[in-house]
Amino acid sequence: ASSTVTTEVPSHGSNNKSISKSNSRKNSRKRRKLSGMKRIAATTRERSRIEHLNCAFITLRSRIPTQPSDVKLTKVETLRLAMSYIMHLEKLVGDIKAH
């Protein structure tokens with residue numbers, strides 16, 4: 001038997017988003033501690049994942065024009081600015097197609 005709980009998540013801006021979580025047998029189990037070698041392997045995979053993610057952000061930052069150009073943006077700032085820049089480029093393409 002499972003039930004659904006809705007939680008309000010505060011967000012930046014005027015949007016309020018809800019997240020639904022399902023309480024089930026799987027979610028209520030306690031996490032088992034991994035053995036030494038499995039923990040090391042999991043930690044290594046996580047470090048590699050984070051390193052790849054950080055490299056992707058560095059690449060994305062290098063593609064977004066900023067003033068001044070040497071300012072390092074946070075990850076959230078990078079994503080927001082990238083979205084804004086993409087929308088700007090889409091508008092430019094739309095304007096060119098309209099002519």
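Counted from 1, the sequence shown has number 60 at position 60 by UniProt numbering; the numbering is strictly sequential.
All residues carry an ideal CB built from backbone N, CA and C; glycine is no exception.
Does DSSP classify residue i as helix, strand or coil?
i, result
"Lys38", "helix"
"Asp70", "coil"
"His88", "helix"
"Lys30", "coil"
"Ile96", "helix"
"Ile64", "coil"
Does the beta carbon of residue i fall short of 7 Å from some heavy atom of the ligand MN?
i, result
"Ser35", "Absence of the ligand MN is noted for the structure shown, with no ligands found whatsoever."
Can you list, in chain order, the residues of its chain with a C-beta nearer than 6 Å to that of residue i? Leave out the 5 residues immediately preceding and following it.
i, result
"Ile64", "Leu81, Ala82 and Tyr85"
"Lys91", "none"
Near residue i, what residues of its chain come up, given a Cβ to Cβ distance below 7 Å and the 5 sequence neighbours on each side ignored?
i, result
"His52", "none"
Okay, do the stretch 78-85 and the stretch 51-70 touch, 3+ Cβ pairs below 8 Å being the bar?
yes
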